[in-house]
Each structure stands twice: as structure tokens, then as C-alpha cells.
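*Asks:* Numbering-wise (the numbering used here), the sequence shown opens with residue 8 and increments by one.
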Amino acid sequence: MEYYAEIAAIKKKLKGEGSYYFHLGKGDVDRKYFPTPKCLLEKVKAALDLQYYKYSHPLGRTDTRNLLAFYHNLLTGGNHYSSNNVALLISATSGLNAVVNVLKEKVKLKKALVTRPSYINYRYVFEKFGVDLVKVDSTRENNFNVGCDEVISVLKSDKEVKLVVLCNPNFPFGRFMEKDCFKDILNYCEKNDIFLLLDNVFETSAFKNTDMGKYMTADYYSPNIIRIYNYSKDLGVAGFRIGYLLTNEWINEAMSDEIDVTYGSPQTVFEPFIDCNTLLRILSAFGTESYIRAVD
Ligand SMILES: Cc1ncc(COP(=O)(O)O)c(C=O)c1O
Numbered sequence: 008m009e010y011y012a013e014i015a016a017i018k019k020k021l022k023g024e025g026s027y028y029f030h031l032g033k034g035d036v037d038r039k040y041f042p043t044p045k046c047l048l049e050k051v052k053a054a055l056d057l058q059y060y061k062y063s064h065p066l067g068r069t070d071t072r073n074l075l076a077f078y079h080n081l082l083t084g085g086n087h088y089s090s091n092n093v094a095l096l097i098s099a100t101s102g103l104n105a106v107v108n109v110l111k112e113k114v115k116l117k118k119a120l121v122t123r124p125s126y127i128n129y130r131y132v133f134e135k136f137g138v139d140l141v142k143v144d145s146t147r148e149n150n151f152n153v154g155c156d157e158v159i160s161v162l163k164s165d166k167e168v169k170l171v172v173l174c175n176p177n178f179p180f181g182r183f184m185e186k187d188c189f190k191d192i193l194n195y196c197e198k199n200d201i202f203l204l205l206d207n208v209f210e211t212s213a214f215k216n217t218d219m220g221k222y223m224t225a226d227y228y229s230p231n232i233i234r235i236y237n238y239s240k241d242l243g244v245a246g247f248r249i250g251y252l253l254t255n256e257w258i259n260e261a262m263s264d265e266i267d268v269t270y271g272s273p274q275t276v277f278e279p280f281i282d283c284n285t286l287l288r289i290l291s292a293f294g295t296e297s298y299i300r301a302v303d
């Protein structure tokens, strides 16, 4: 509350001075440029017609989670995931809440590192759970790129940091991390039992150039990586507030035990939407053979 009051006062002051400001909170995407595919919306309508709105498994329907696991196995080129690693979410933010809650309880998480600027709600979630945030700021001088060496040097100097949150491309500048930088941070995390939470919610909708392979991190598997995805941005459905989490089995299981009484189970009516989108992604990225295996 204090923070909101502070921001409101700054905004009022700037307005009074005739200055402009950019509000960098959560944002809807422009559906003119990111139209929601009609075939996916049809799935939601059909789900309603079929009265597809009974209670679900706390982490979402197993078939839907299996399909997402299959897709990420294709992306990461291994048999790393099953439905036990996937949780459907009411929003990426609720996934972050769940992860922080579980890490606080299970590994007594005290400190997490975030690179800034970033999605403002990270701060509230960590504050809510009493986890201290260690911040590494991007600056105008480094063109608002993540300072990889700085991240690692902060981790070396503060051994209590057991979670690193990276947003790639970052919010709000859309800067992609170079893969080498990502790999250095990941290596350090793996060697030092640090979780790496990747919030790449803009990864597939960000402007792509011919060098995109240099930046995409979706093909990396590590037991230390926790991935958060949502459909809000990519598919222009921010109001649906749906997404999913890819994590290890014990975090997933701990979430499953709590989710009914904390963040709520995902909405069943969106499961056919998620299934269809995943199948389309498999078809476009991996071709017919993989698609047929996925449908099987
Ligand atoms: C980087 C980033 N992560 C997560 C979110 C939250 O997504 P959701 O609407 O699924 O809670 C946002 C929303 O603006 C965001 O910008």
C-alpha cells in the first residue's frame, strides 16, 4: 500500500509539472498486432457448450499436462518431463506465488535475486512471503542488458541467495540475454544448488530477427530451472489469466497439496484451448510426425 501511495504521489507531481511518465505495470497486449487465433477461442466456446466446467485436478487435467510435457521434451531434446512436472496456473503471477511459498517452506528460502527493471509484482510476491530481494540493476550504460558477471559476483558474495529470477526478454525493454550469459548463470546455479526461475512470458511474441537462435533459452533443460509461461501475452488473452509452470516433481507435488486452499485450481474450460495451442506449436515447430505422436 505504501508503495502504491508513493507511486501515486510521484505521478501526481509529474503531471502537475506537465511531464510525461510511462507506467510499467502489467499490461494487455495490443490485439491488433497479437490477434488471438479464432480456432483457440472456438475451443473455449465449445468447452462451454459441452459443460466443461467441473472441478479439475488441482494442477489441471493430466492429459493437458502430459501434452505440455511432451512439447517441452521435444524442445529440450530429452525425456525430462512428465505430467508430474507440469502445473496449469491461474496466471503466471499465481505460479510465482506458489513457487516462492513452496521454496520458503521446503528449503527455507531467505533471499532471491532479481534483475531490474522487471515485472513489478515480483517485488510484492517476495515481500508478501518475507523473502529478501537482492537486486541487480541494468543501466543505460549497458543498454539495459542483464549484467551476467554482476549476477554471478552477487551470488558469490551472498550465499543465502537460493533463487534467481530472470525475465527473458526482459520487461519492459524487451532485451534478450545472450545465450552465453544465460549459460554462465545456469552453470553457476547448478554448481551451487540455486534455483533459476525463468519468466519468459514474452519469449515467443517478442520481435524475432534472423539471429533468434542466439537468444532463445527454451531448449535448455536443467533440474534447477523452473519455467513460468502464460498465454496472456502470446495469445492476447490476458483476461483469461492462464499459464503453466514447469518444475521438478517435489515442487509440483507440494503445490498440488496446497493449491486448492491457496491459489485455486486452473479453470477447466480453458484446457481444450491449451491442448489445441500446444498441438499447433508441436505441428509448426516439429512437423507432422511429432504431431501424430502427440495426438496418440
Ligand atoms: C514479465 C511478466 N511476467 C509475468 C506477468 C504476469 O502474467 P499473468 O497475467 O499471467 O499473471 C507479466 C504481466 O505483465 C509480465 O510482464
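Just so you know, even glycine gets a beta-carbon here, dropped at the ideal spot from N, CA and C. For clarity, every value in this text was computed on a predicted model and none was experimentally measured.
Mind pulling the beta strand (DSSP E) runs of 3 or more residues that sit fully within the stretch 21 to 55?
*Replies:* Runs found: none.
*Asks:* What do you reckon, is the C-beta of G250 under 7 Å from a heavy atom of ligand 1?
*Replies:* The answer is yes for G250.
*Asks:* Return the chain-ordered list of same chain residues with a C-beta closer than 6 Å to the C-beta of N128, the five sequence neighbours on each side being excluded.
*Replies:* Excluding sequence neighbours, N128 sits near T100.
*Asks:* Per DSSP, what kind of secondary structure is T69 in: helix, strand or coil?
*Replies:* T69: helix per DSSP, three-state reduction.
*Asks:* Relative to ligand 1, is the shortest distance from any of its heavy atoms to the C-beta of T285 smaller than 7 Å?
*Replies:* Not under cutoff, so the answer is no.
*Asks:* Please name the residue, chosen from G220, T211 and V158, that lies closest to C196 on a Cα-to-Cα basis.
*Replies:* Residue V158 is the option with its Cα nearest to C196.
*Asks:* Just to confirm, are V208 and N237 a CB contact at a threshold of 8 Å?
*Replies:* Cβ atoms of V208 and N237: closer than 8 Å.
*Asks:* Any chance you could list the beta strand (DSSP E) runs of at least 3 consecutive residues sitting entirely within the stretch 159 to 212, in chain order?
*Replies:* Counting only runs of 3 or more, we get 168 to 174 and 202 to 206.
*Asks:* Consult DSSP for R130 and reduce its assignment to one of helix, strand or coil.
*Replies:* Correct three-state label for R130: helix.
*Asks:* Between the Cα of K39 and the Cα atoms of K221, L242, T146 and L162, which residue gives the shortest distance?
*Replies:* It is L242.
*Asks:* Would you tell me roughly how many angstroms separate the C-alpha atoms of F293 and F202, rounded to the nearest one?
*Replies:* Cα to Cα, the separation comes out at about 29 Å.
*Asks:* May I ask which residues mark the beginning and end of the alpha helix (DSSP H) holding L290?
*Replies:* Its alpha helix (DSSP H) spans residues E278 to V302.
*Asks:* Just checking my contact of V107 with F133 at CB under 8 Å: how many whole Å lie between their CB atoms?
*Replies:* Contact flag correct, Cβ pair sits at about 6 Å.
*Asks:* Any contact between the stretch 148 to 162 and the stretch 181 to 192? By contact I mean 3 or more CB pairs, one from each, below 8 Å.
*Replies:* Verdict: yes, contact present.
*Asks:* Between the C-alpha atoms of D303 and K169, what's the straight-line distance to the nearest angstrom?
*Replies:* Their backbone Cα atoms lie some 40 Å apart in a straight line.
*Asks:* Would you report the Cα separation of D139 and F178, rounded to the nearest angstrom?
*Replies:* Using only the alpha carbons, I get a separation of about 21 Å.
*Asks:* Taking one C-beta from the stretch 106 to 120 and one from the stretch 82 to 97 each time, how about it: are there three or more such pairs within less than 8 Å?
*Replies:* Short answer: they don't touch.
*Asks:* Terminal residues of the continuous beta strand (DSSP E) containing V93?
*Replies:* Start and end: V93 to I97.
*Asks:* With a threshold of 7 Å (Cβ to nearest heavy atom), would F133 be considered close to ligand 1?
*Replies:* No, the Cβ of F133 stays beyond 7 Å of every heavy atom of ligand 1.
*Asks:* Decide if the stretch 254 to 263 is in contact with the stretch 227 to 236; the criterion is three or more beta carbon pairs, one per stretch, under 8 Å apart.
*Replies:* Because the criterion of three Cβ pairs below 8 Å is met, the stretch 254 to 263 and the stretch 227 to 236 touch.
*Asks:* From N92 to R72, what distance separates their C-alpha atoms?
*Replies:* Cα to Cα, the separation comes out at about 8 Å.
*Asks:* Could you say which of Y126, L120 and R130 lies nearest to K142 if we only look at CA atoms?
*Replies:* With distances taken between Cα atoms, K142 lies closest to L120.
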